[in-house]
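In our numbering, the protein residues as written are 1 to 755.
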């Protein structure tokens, strides 16, 4: 390779340059990707670059120079800011003439040679903005990302396993393509909104594709784990008295208040102290969201006066790269009150990954119960059981193994499911032993050892590596993304070879249109008829409450008459009552499930959809679209959620009964009547919570069917009726080929795969 003209620039124009034996890897990759046969042998001195980047807009300056290349140099050279910056580097710039472009190459190599790595992410952000404004292409952006990857000490294809990574922020996020996945999804949605055949499809806003929920009992280390995982971005140790959600975005904190209806229901609680706190802090915000300061957040987290009782959840936004892959939900300690426990259950259901923390100092059978409930949920893909405080428990490797074996044995013995299913469920579990506080000190104080632990033996690196790898390699389950993938495949196939498209006959189109119109009518009828049938459910629930209360009080009175003056063991009575509630609720659930499944309009919708799949799979892509539609409708009819929530409420009722009626309560305490009065209050309150919760669950189920069924019909109308209509029209200005033409390059560059 011949010497680069940087030597000519240096000698002929007396511009101050330093000789360079060889370019560093980023500069070399940059030249290979953007230029041909370029070997820079001179750089600007470091002090020149430092002077240039002392400007407060140093990020913008870096991005501007790196975005310029052979294809857009003429445009950039006409920008006054660009010329002024070049003159700031060297006053001879205007006299270079045709060598001005060589000057730019030397400057780009110098920037890449001296660039501070902490600025990489910010520069990439500006590069994206330049691409969105049309100054550079999508390909240019991807090339610059590849250049910046060269700064990484570890380069893999969506996998990091070595322990050299100092924290979760140090992983190679670009390699997983997650950096651009959400952006690509939005780009495709924007294009589809502008294409005639697909403009009627209404997509929802997707903030994040995966969720990680962190939970455990009190003092297990939840509030300390988050600053460790999100090191350098989150400093505060926030006690999760309400669900605290860490999301990707510009630094901000918001709180969302409970709805007025929720406050009114909770105010009926027999717990007078709780009701008093609700009334004290209820400012009638009715579901409002407000921004608060970091100081206010600390006050909330540390408050003991109950001011958080009126909050639904807290959002904490920060720009940690991990949060683009998955948001993190830090959930209240278990056990907790009914409202918070129901919230915990909902967040778990919407999560793909759970981190369950157990203190090595106080392992409890409740942990086994909670883990058993979690791993059996169909939506959960991975559960990390993290034993914390191993430094304080002074656990040896043998002690850890024994603890792990004992925990697994207990889980296995209480998992009453078929062997094949059990093996699949147990495979979700991954075990870790971590000393959270020591690991945090090692990172924050930049020390290599504390109390005999280094960053490797602290256990955090293994957890972070597994967590990162499991998320970036996971299949995206979001149903809208699955449909988007198929539409993108359909469009790319048509762009590649429009003539290969087999058009359905006019008769087939008429049948398809008639079926889709029928499905739309079915949705309307089903959503009107389903709620009207729930009146029998309310009557059954009321009868259940009255019968169980009557049996409970009769049993107490009988025992009092037979055991005068002696202690009375209430354990059997309480257990039988709670089990009766659970069994009866399951029966009610089965009735309601059958009601949904037997709804005529719902069944007609499913039947029509099934017939389309068997008769009108016009291409492999169309077949996939219909299969996805069938699977999505089938997934709606699942009552795992309602059942688990009803059990949570019943268990909380059992806890309150234990408080009111200890197992061996003195006869005199029962005789005075005050306890019986409170028992009635709790029966009324917890059955009211059950009724409200089941009402809410089923109304959400109907809403979900309506919204997702309408979305599916809009997808089918677009990909069958409108797509083929636009493809077959004779009007060259209005056909599919013409409408796609402005978007061909962008569509071909979109990739919705992240692995």
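All residues carry an ideal CB built from backbone N, CA and C; glycine is no exception. Being a predicted model, the structure only gives us computed values, none of them experimental.
Do residue j and residue i count as a contact pair if the criterion is CB distance below 9 angstroms?
i           : j           : result
residue 104 : residue 65  : yes
residue 612 : residue 504 : no
residue 460 : residue 387 : no
residue 329 : residue 256 : no
residue 44  : residue 171 : no
residue 570 : residue 556 : yes
residue 808 : residue 258 : One cannot answer for residue 808 here, as it falls past the ends of the chain, which runs 1 to 755.
residue 693 : residue 342 : yes
residue 723 : residue 82  : no
residue 35  : residue 20  : no
residue 252 : residue 347 : no
residue 192 : residue 199 : yes
residue 796 : residue 231 : What the structure shows of the chain is the stretch from 1 to 755, and residue 796 is not part of that stretch, so it cannot be assessed.
residue 188 : residue 488 : yes
How would you label residue i, buried or exposed, when you count the other beta carbons within 10 angstroms and need 16 or more for buried?
i           : result
residue 625 : buried
residue 472 : buried
residue 538 : exposed
residue 184 : buried
residue 305 : exposed
residue 407 : buried
residue 110 : buried
residue 123 : buried
residue 51  : exposed
residue 291 : exposed
residue 572 : exposed
residue 591 : exposed
residue 449 : exposed
residue 244 : buried
residue 423 : exposed
residue 211 : buried
residue 46  : exposed
residue 584 : buried
residue 302 : exposed
residue 221 : buried
residue 327 : buried
residue 485 : buried
residue 524 : exposed
residue 620 : exposed
residue 502 : exposed
What would DSSP say about residue i, mapped onto helix, strand or coil?
i           : result
residue 86  : helix
residue 216 : strand
residue 792 : In the structure as shown, the chain starts at 1 and stops at 755, and residue 792 therefore has no counterpart that could be examined.
residue 743 : helix
residue 395 : coil
residue 357 : strand
residue 290 : strand
residue 171 : coil
residue 320 : coil
residue 382 : strand
residue 341 : helix
residue 65  : helix
residue 625 : helix
residue 257 : strand
residue 35  : coil
residue 595 : helix
residue 582 : helix
residue 248 : strand
residue 607 : helix
residue 227 : helix
residue 735 : coil
residue 544 : helix
residue 763 : With the chain covering only 1 through 755, there is no way to say anything about residue 763.
Tell me, to the nearest whole angstrom, how far the beta carbon of residue i is from that of residue j; I am working on the premise that it is less than 8 angstroms.
i           : j           : result
residue 430 : residue 389 : Going by Cβ atoms, the distance from residue 430 to residue 389 rounds to 19 angstroms, so no, they are not a contact pair.
residue 721 : residue 689 : That pair is no contact at about 47 angstroms.
residue 710 : residue 636 : In fact, because the Cβ distance is near 12 angstroms, the residues do not count as touching under 8 angstroms.
residue 374 : residue 380 : 6 angstroms
residue 354 : residue 213 : 5 angstroms
residue 756 : residue 458 : The structure shown does not extend to residue 756, since the chain spans only 1 to 755, so no value can be given for it.
residue 61  : residue 96  : That belief does not hold up - the Cβ atoms of residue 61 and residue 96 are roughly 19 angstroms apart, past 8 angstroms.
- Continuous alpha helix (DSSP H) assignments of at least 4 residues falling wholly in the stretch 416-461: Whole alpha helix (DSSP H) segments, 4+ residues: 419-426, 436-444.
- Enumerated in chain order, which unbroken segments of the beta strand (DSSP E) with a length of 3 residues or greater are wholly contained in the stretch 464-540? none
- Could you pull out every unbroken alpha helix (DSSP H) segment of at least 4 residues lying fully inside the stretch 700-733, listed in chain order? 723-728
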